[in-house]
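J.: Numbering (this note's numbering), first residue to last: 9 to 1108.
A virtual CB, placed ideally from N, CA and C, is assigned to each residue, including glycine.
A quick note: this is a predicted structure, and the numbers were derived from the prediction, not measured.
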Amino acid sequence: MVLALPPGEVMMMLNERTRMSLTTQFLSDKQYIAAAERNRNVVVTAGAGSGKTRTLVARYLSLLADGLQPDRVEAITFTEKAANEMRSRVRSAIRNQITAVQNLDEQRFWLGLERKMDAARIGTIHSLCAEILRTHPAQAGIDPLFEVVDEGQAAIMIADAVESTLVQITMEEKYVQLFELLRIKSLETILTQMITKRLEVQKWIQSDQSMWQFLMEGLQPFMQMDEMQQCIKNLRSFSPQRLESDTSAKGVEQVNSFLVVWKEVETAWQEQNYLNCISSLIIIRTQIVNRLVGKSDSTSRIDLTTWRGLYDTGLSWIEKGFDAELEEKITTAIPLLKEAFSLVHDHYNKLLSNQKALDFDDLEGRALALLKRPEIAKKWQEKVQALLVDEFQDTNQRQRQLIEALTVGNTGSLYVVGDARQSIYRFRGADVTIFKEVQKETGRTDGLICELEETHRTHPALMKVMDEVLAAVMGSEIIEEKPFHVPFKKMIPVREDLPSGVRKPYLEVLIGAGRDSEEGRILAANLLAERLLAYKQAGEIQDWKDVALLFRASGAFPIYEQALEAAGIPYVTIAGSGFYDRSEIRDLLNLLRALADPWDDLAMVGFLRSPATGMSDLGITQLRWSQSGDQPVSLRQALTMDHSFLTQEDKLAADRALDLLDEFEEVVGKIPVAALLQRLIERTHYRIILAGSAERGWRNIEKLLFDAYTSHQTSIHAYLEYVQKIRDIGVREGEAAGAAEDALQLMTIHKSKGLEFPWVILADAGRRPMTRTDRWQIEGERVSFLPDRVDYKPLQSRYLKMLDEDREEAETRRLLYVAFTRAKDKLIISGHFSQFKEKFTVNGWLKKILDLFDLDPEWLVVNPPAEPVPLAVGERIGLQVSTQLFEFPIQEKEKKEVQVFSLSAMLNGKEPMEPLKESLEPEENRLDLFEPSEKFPLWVGKLLHQSIHRWEYHDDEALQQFLERSALELGFLELEQRKRVVFKAKVYFKRLQEHPVYVEINQASRRYHEVPYELQDEPQNERGRLDVLYQTERGWKIVDFKTDQLASLADLDEKRRSDYRTQLLRYQNSVFQQLKEMPVAQFCFLNCGDSIQLVNLEDF
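1. If you compare alpha carbons, which of Asp74, Lys759, Thr829 is closest to Glu1127?
2. Any idea if Gln639 is buried or exposed, counting beta-carbon neighbours within 10 angstroms, 16 or more meaning buried?
3. For Ala1113, report the span of its alpha helix (DSSP H) as first-last.
4. Tell me which residues share the same chain as Val18 and place their Cβ nearer than 8 Å to its Cβ, disregarding the 5 neighbours each side in the sequence.
5. My assumption, with CB atoms under 8 Å, is that Leu207 sits in contact with Thr173. Please give the rounded CB distance.
6. By a C-beta neighbour count over all protein chains shown, 10 Å radius and 16 as the cutoff for buried, is Glu1106 buried or exposed?
7. Measure the C-alpha to C-alpha separation of Gly584 and His758 and round it to an integer number of angstroms.
8. Ends of the alpha helix (DSSP H) at Tyr282?
9. Identify every run of the beta strand (DSSP E) within the region 803 to 862, keeping only runs that are complete inside it and at least 3 residues long; order them along the chain.
10. With respect to the alpha helix (DSSP H) encompassing Leu626, which residues constitute its N-terminal and C-terminal limits?
11. Using 9 Å as the threshold, is the C-beta distance between Phe896 and Leu535 below it?
12. How is the beta strand (DSSP E) around Leu752 delimited, first residue to last?
13. For the region 806 to 816 against the region 593 to 612, do three or more pairs of beta-carbon atoms, one drawn from each stretch, fall closer than 8 Å, so that the two count as touching?
14. With hydrogens ignored, establish whether the beta-carbon of Leu698 is closer than 8 Å to any heavy atom of the ligand HEM.
15. Below 8 Å on the Cβ atoms is my guess for Val440 versus Gln401; work out the distance and round it to an integer in Å.
16. Here's the rule: buried if 16 or more other CB atoms are within 10 angstroms of the residue's CB, otherwise exposed. What is Thr85?
17. Which residue from Glu459, Glu412, Glu690, Lys337 puts its Cα closest to that of Thr63?
18. Any contact of the region 1043 to 1050 with the region 1068 to 1076, i.e. 3+ C-beta pairs under 8 Å?
19. Quick one: grab the DSSP three-state call for Glu1106.
20. For Gln804, which of Leu141, Ile286, Leu456 has the nearest alpha-carbon?
21. In the DSSP output, what is Phe435 paired with across the bridge?
22. Is Pro802 near Ile290, with beta carbons less than 9 Å apart?
23. For a quick check, are the C-beta atoms of Leu868 and Val889 less than 9 Å apart?
24. Of the residues Ser100, Phe997, Asn871, which one's Cα is nearest the Cα of Trp959?
25. Taking all protein chains shown into account, do 16 or more other C-beta atoms lie within 10 angstroms of the C-beta of Glu926, making it buried, or fewer, making it exposed?
26. Would you mind working out which of Phe246, Leu1037, Glu336 sits nearest His1017, comparing C-alpha positions?
27. Report the partner residues of Val424 according to the DSSP bridge assignment.
28. Can you tell me which residues form a DSSP beta bridge with Gln1090?
29. For Arg67, count the other beta carbons within 10 Å of its own beta carbon; 16 or more makes it buried, fewer makes it exposed. Which is it?
30. Do the region 782 to 789 and the region 569 to 579 touch if we need at least three Cβ pairs shorter than 8 Å?
31. Could you check the C-alpha separation between Leu891 and Leu334 for me, to the nearest Å?
32. Which of the three DSSP states, helix, strand or coil, is assigned to Gly131?
33. Assuming Thr53 contacts Gly426 under a Cβ cut-off of 8 Å, what Cβ separation, rounded to an integer in Å, is found between them?
34. Which parts of the region 193 to 241 are runs of the alpha helix (DSSP H), unbroken and 4 residues or longer, counting only runs that do not cross its ends?
35. For the region 237 to 248 against the region 406 to 418, do three or more pairs of beta-carbon atoms, one drawn from each stretch, fall closer than 8 Å, so that the two count as touching?
36. If I follow the unbroken alpha helix (DSSP H) through Ser308, where does it start and stop?
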């Protein structure tokens, strides 16, 4: 590490304007030094909460103060959102400079820079690559007007390229050896994944490394290990007499057998016959030393024990055997796989070329190729006089080469910021070793290595506990032979204040203990929801938006979403890009894209896959390829042709798709997009598709409808461009949060990167580590695959899997670090136990944490601690275990599916019997906002009925919010219409609140709303729901609310009167059958003249 000059000496080397710009940024000494250094390249290690963005902005601002123009300073971030945030921060800092300086010339200087910020080079590395390519299109051999395809477009092209390649190679005899080992589907998967990882695959393509070289590499560390060789030397040093005195007769036999076979190992190793070497090693491990014999304290036995331990550590990947013949076949097939990949790559490049398009990989590869040309590199080195790179720990090798090509020979121009502890994007090609290598290289060449060790985020009490856990999980020592291992290092908390209102302990562990993992997860989520409600009621949680649930994987979202919904806790799930990546939103946008341009096959694929049509992927492929020879047919055209070759389900899907296209193509561009969307939702029965899913799905549909309405777009193309712009500028909309804007957030740990929250919950912490099941593996210059035809794992696959598992485990530890360090005030770990052989067990991060504190799952379930557990650092950790579900008060929500069960079972707390799906409303009763409707009173009645089912509201504002949201659900997007219907419904409900029946229902000892019932003696087991059933001192009562608009009861015609009477008689009979008590049954007409009319059944 190179020491920096003190801040005072650095200041003397800067001009007055630069010193002033840095002074106004309120930097620490180390931050100041990093921002002010000019003569050396700078690598900044910036831990969580250390103010790295502040330092980066200060560096950028100071370079402008030096006199560099914004188009000469390149700042690279790794997302558009981060680029926009940084640009905003720089603008803000410039404005602060304008107000901070008194000199008029200085103000003019900074005002001039602010006007130039639109041209500032602040963006992603891909935007820089695109600029380089557009500047030199002839040298790059591309069209300067090329488009950059997104991941979705690239996926379609890759699928086409793989399909074309498979058609080609099935016709060539030499590939028979490959198809003997892999089915077409497996080969398709492997080639598809290879093309998406072609940067990694490129090393393998360019190498000619044989299997024997890999075997030598795998065996060499063990064979040349000093400790292992010492064991052999010790065993050989025994004379027969000394060995007999050292151990028993069986021990002597074991040592001699070991030495005989070990001689065979050495011979095979020297002759480079690595398969024989492995074969002999397996014999020693499985047949000779599998069970050690002899005297327990004998020296020879100790040596054999040591040798076996070293073998198990270094050669566990060998496992118990191999098939030499099959190994040879796989070795022969690997070059064929390489050729097949090259064909796919060629086909893919042709497709991109035809579209005049590049993907992200092309941008990097082609830009780097240009920068390897001295004349082009020189031009860009002159143009980019300072390069700042954020999140450098998430770069890949090619991105590193791009950065070095822009700065080589210009010492002091490179400034990178990163934190190896936060490198968590290996699955995207990021390599944590690059940051460590650049750190070493910068130090070796007298550059500045600056470590920001202070954190402004987490308070000291929580930091102490976090440090103890993270140090144990990540380790604190450097492991030279594992450069991807990043040890934990403590940071210094600067924050002195303790969180206001948040009580100790600041770290809590909440555990659900179930019979299996599913039940355990449900209990864990339920316990967490119960505790969150308690914290909110106690005032510890001020706002729900202060709380974030972080997950290792999104698969656990639904269980926690359901628990939060049951508890009535508002939440929003942030997955991918948020709102626009939710499946229900993506489906509807795909429908719009297909209607906008049905000849766009990418749009049509999304349309056909949508649950609105429901065609399988195989059906889509058949539809596209089976109509003519070796050329694909447009999907829109294929729908009009014969598709009898499809399965019955796919034929029906094709018919549905064609009907929808024919019907809606006529109105595209003629009615507003919001109206079109609404009709699509009705026509495709999307409410049924969402039935049974969480309420948020329909809330998101409402939000999309409302956004479409407020966009005032009639052109689908214009609306889709509008949506795309929202995404392109980095706006990441979350899901609709319902009536409450204050909502807890659920997201993956990856999505939380760069964020902080007062309360962090590490959710689903008992999740087992994910086991990768890819059919192929790649590591450096080596590739292997698992054959289909036999249950066999090749030696190379075993070795590569071992290497991958080491790297994956290292990244898992870093992922835990990122999750923990998002917390400002309190950290909660939520996980589960499950039973195995009648004992509770634990997995994942939760196991590591409990092991650290010597806490046994079985003991915790039987003896849950009554008080927080004291830790060595002086703090305490809270522990709570739940084996039973907490019951929450029933929360209002639109139910797509209700449980029907006997009233007696309900009243006695028994489980429901079977689901009853609600029947759809008649089509004519659905609201169309864009056509005249004469059914306004009907919609007022529906809204009023919904508010009665909800019943309780804390205040007038809560009632207003509920009515507003319910009106949106019914389709009232137009503001004036919504105001009218909400006003009317509110008047009627307030009238009910002032009636004695409302008071009586409220004071009931037991009360149930929207009660399911079933008459089992009816011909078809008639089912339905009672509006309200309640118990008074005089017995049970039923009230059936009616919202008919009547001047008086005499206005009711006889047919409606008869229907109502029959209906209420059934309700009364159902209650009597199951409770053995005849309830009083009443009608409550809410809109009878200007009053409420309450009528007993017998008087009606």
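T.: Judging by the given coordinates:
1. The first residue shown for the chain is 9 and the last is 1108, placing residue 1127 beyond what the model contains.
2. Taking the first residue of the sequence shown as position 1, residue 639 is located at position 631. Counting Cβ neighbours within 10 Å, Gln639 comes out exposed, since fewer than 16 surround it.
3. Absent from the structure is residue 1113, since the part of the chain shown begins at 9 and ends at 1108.
4. Here residue 18 corresponds to residue number 10 of the sequence shown, with the count starting at 1. Caution is warranted here: a pLDDT of 48 is assigned to Val18, below 50, making its placement in the model unreliable, and the coordinate value is therefore given only provisionally. Excluding sequence neighbours, Val18 sits near Ala12, Tyr40, Ile41, Ala44, Glu45.
5. What you label residue 207 is simply residue 199 of the sequence shown in a count that begins at 1. What you label residue 173 is simply residue 165 of the sequence shown in a count that begins at 1. The Cβ separation is near 20 Å, so there is no contact.
6. Here residue 1106 corresponds to residue number 1098 of the sequence shown, with the count starting at 1. Per the 10 Å Cβ criterion, exposed.
7. To locate residue 584, count along the sequence shown from 1; it is residue 576. To locate residue 758, count along the sequence shown from 1; it is residue 750. Confidence at Gly584 is low in this model, with a pLDDT of 42, below 50, so its placement is unreliable and no value can be given for it.
8. Counting from 1 along the sequence shown, the entry for residue 282 is found at position 274. Start and end: 282 to 291.
9. DSSP runs (the beta strand (DSSP E)) wholly in the region 803 to 862: 831 to 844, 847 to 849.
10. Sequence index remark: in the sequence shown, residue 626 carries index 618 (1-based). If you look at Leu626, you'll find it in the alpha helix (DSSP H) that goes 625 to 633.
11. In the sequence shown, residue 896 corresponds to position 888, counting from 1. In the sequence shown, residue 535 corresponds to position 527, counting from 1. No Cβ-Cβ contact shorter than 9 Å links Phe896 with Leu535.
12. Taking the first residue of the sequence shown as 1, we reach residue 752 at position 744. In the DSSP assignment, Leu752 falls within the beta strand (DSSP E) that extends over 752 to 756.
13. Fewer than three beta-carbon pairs drawn from the region 806 to 816 and the region 593 to 612 are found closer than 8 Å, and the two stretches are therefore not classed as touching.
14. In the structure on display, the ligand HEM does not appear, and there are no ligands present to speak of.
15. Here residue 440 refers to the residue found at position 432 when the sequence shown is read from its first residue. Here residue 401 refers to the residue found at position 393 when the sequence shown is read from its first residue. Confirmed, Cβ separation roughly 6 Å.
16. Within the sequence shown, the letter at position 77 stands for residue 85. Buried, by the Cβ-count rule.
17. Mapped onto the sequence shown, residue 63 falls at position 55. Ranking the options by Cα distance to Thr63, first place goes to Glu459.
18. These segments touch.
19. Walking along the sequence shown from the start, residue 1106 turns up at place 1098. In the structure shown, Glu1106 falls within a helical segment according to DSSP collapsed to helix, strand and coil.
20. Residue mapping note: residue 804 aligns to position 796 of the sequence shown, counting from 1. Relative to the Cα of Gln804, the nearest Cα in the group Leu141, Ile286, Leu456 belongs to Ile286.
21. As a working mapping, residue 435 is identified with position 427 in the sequence shown. DSSP lists no partner for Phe435.
22. Within the sequence shown, the letter at position 794 stands for residue 802. Within the sequence shown, the letter at position 282 stands for residue 290. Contact: no.
23. In the sequence shown, the residue the question calls residue 868 occupies position 860. In the sequence shown, the residue the question calls residue 889 occupies position 881. Cβ atoms of Leu868 and Val889: closer than 9 Å.
24. Residue mapping note: residue 959 aligns to position 951 of the sequence shown, counting from 1. Comparing Cα-Cα distances from Trp959 to each of Ser100, Phe997, Asn871, the minimum goes to Phe997.
25. Residue 926 sits at position 918 when you count from the first residue of the sequence shown. Summary for Glu926: the model assigns pLDDT 36, below 50, so the residue's position carries little reliability, and this model does not support an answer.
26. The residue you call residue 1017 lines up with position 1009 of the sequence shown. Of Phe246, Leu1037, Glu336, the residue nearest in Cα terms is Leu1037.
27. Position 416 of the sequence shown, counted from the start, is the residue given in the question as residue 424. DSSP output for Val424 lists Val51, Val397 as bridge partner(s).
28. By one-based count along the sequence shown, residue 1090 stands at place 1082. Paired residue(s): Val1047, Asn1104.
29. Here residue 67 refers to the residue found at position 59 of the sequence shown. So Arg67 counts as buried.
30. Inter-segment contact for the region 782 to 789 and the region 569 to 579 is absent: fewer than three beta-carbon pairs are separated by less than 8 Å.
31. The residue you call residue 891 lines up with position 883 of the sequence shown. The residue you call residue 334 lines up with position 326 of the sequence shown. Sequence check: residue 891 is Thr here, not Leu. CA-CA distance, Thr891 to Leu334, rounds to 50 Å.
32. Here residue 131 refers to the residue found at position 123 of the sequence shown. Of the three classes helix, strand and coil, the one that applies to Gly131 here is strand, per DSSP.
33. Here residue 53 refers to the residue found at position 45 of the sequence shown. Here residue 426 refers to the residue found at position 418 of the sequence shown. Indeed, because the Cβ distance is near 7 Å, the residues count as touching under 8 Å.
34. Residue ranges of uninterrupted alpha helix (DSSP H) with 4 or more members, entirely inside the region 193 to 241 and ordered along the chain, are 206 to 214, 219 to 231.
35. As far as the Cβ criterion goes, the region 237 to 248 does not touch the region 406 to 418, which means the pair count is below three.
36. Locating residue 308 in the sequence shown gives position 300, where the first residue counts as 1. First-last of the alpha helix (DSSP H) with Ser308: 307 to 322.
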